[in-house]
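Numbering (the numbering used here), first residue to last: 11 to 111.
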């Protein structure tokens, strides 16, 4: 949603922005998004790579999917997740770079 007048943010825009920052405010979700920035993973693959329980990963992916920050594709019975918002991923990468600088 384009909004050229930043002094006049509508409620929907404010909600989406605040939810995006809420998503990026959680260390587990940051770890998942950072992993998905590199390539797509199954829930089990994410759980193994990040040493998390599958239920934790599923819960966080549901939150991220509802915000359209991740997407998935089905292959047989397995879902493979990937990032779905280049703007947010760039913001996350820049923030990580800033923290490491």
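Glycine included, every Cβ here is placed at the ideal spot set by N, Cα and C.
Model, not experiment: these values are computed from the prediction.
> Between the segment 39-56 and the segment 82-102, are three or more C-beta pairs nearer than 8 Å?
Replying inline: Yes: the two stretches touch, three or more of their Cβ pairs being nearer than 8 Å.
> For the beta strand (DSSP E) that residue 41 lies in, which residues bound it at each end?
Replying inline: Here the question's residue 41 lines up with position 31 in the chain shown. Counting along the chain, residue 41 falls outside any beta strand (DSSP E), though it belongs to the alpha helix (DSSP H) covering 37-48.
> Going along the chain, which residues of its own chain have a beta-carbon closer than 8 Å to the beta-carbon of residue 97, five neighbours each way excluded?
Replying inline: As a working note, residue 97 is residue 87 in the chain shown. Around residue 97, the same chain offers no residue with a beta carbon nearer than 8 Å, after the five sequence neighbours per side are excluded.
> Out of curiosity, what's the CA-to-CA distance linking residue 100 and residue 74?
Replying inline: Here residue 100 refers to the residue found at position 90 when the chain shown is read from its first residue. Here residue 74 refers to the residue found at position 64 when the chain shown is read from its first residue. Taking the straight line joining both Cα atoms gives about 16 Å.
>> Rounding to the nearest angstrom, what Cα-Cα distance links residue 28 and residue 20 in this structure?
In response: As a first step, residue 28 is located in the chain shown; it is residue number 18 there, counting from the start. As a first step, residue 20 is located in the chain shown; it is residue number 10 there, counting from the start. CA-CA distance, residue 28 to residue 20, rounds to 12 Å.
> Quick one: is residue 22 buried, meaning 16 or more other Cβ sit within 10 Å of its Cβ, or exposed?
Replying inline: Your numbering for residue 22 matches position 12 in the chain shown. Of the other Cβ atoms in all chains shown, fewer than 16 fall within 10 Å of the Cβ of residue 22; this residue is therefore exposed.
> From residue 111 to residue 103, what distance separates their C-alpha atoms?
Replying inline: Within the chain shown, residue 111 is the residue found at index 101, counting from 1. Within the chain shown, residue 103 is the residue found at index 93, counting from 1. The alpha-carbon atoms of residue 111 and residue 103 are separated by roughly 12 Å.
> Who are residue 88's beta bridge partners in DSSP?
Replying inline: As a working note, residue 88 is residue 78 in the chain shown. DSSP lists 85 as the beta-bridge partner residues of residue 88.
>> Let's see if you can read the secondary structure: which residues bound the alpha helix (DSSP H) around residue 97?
In response: The residue you call residue 97 lines up with position 87 of the chain shown. Its alpha helix (DSSP H) spans residues 96-110.
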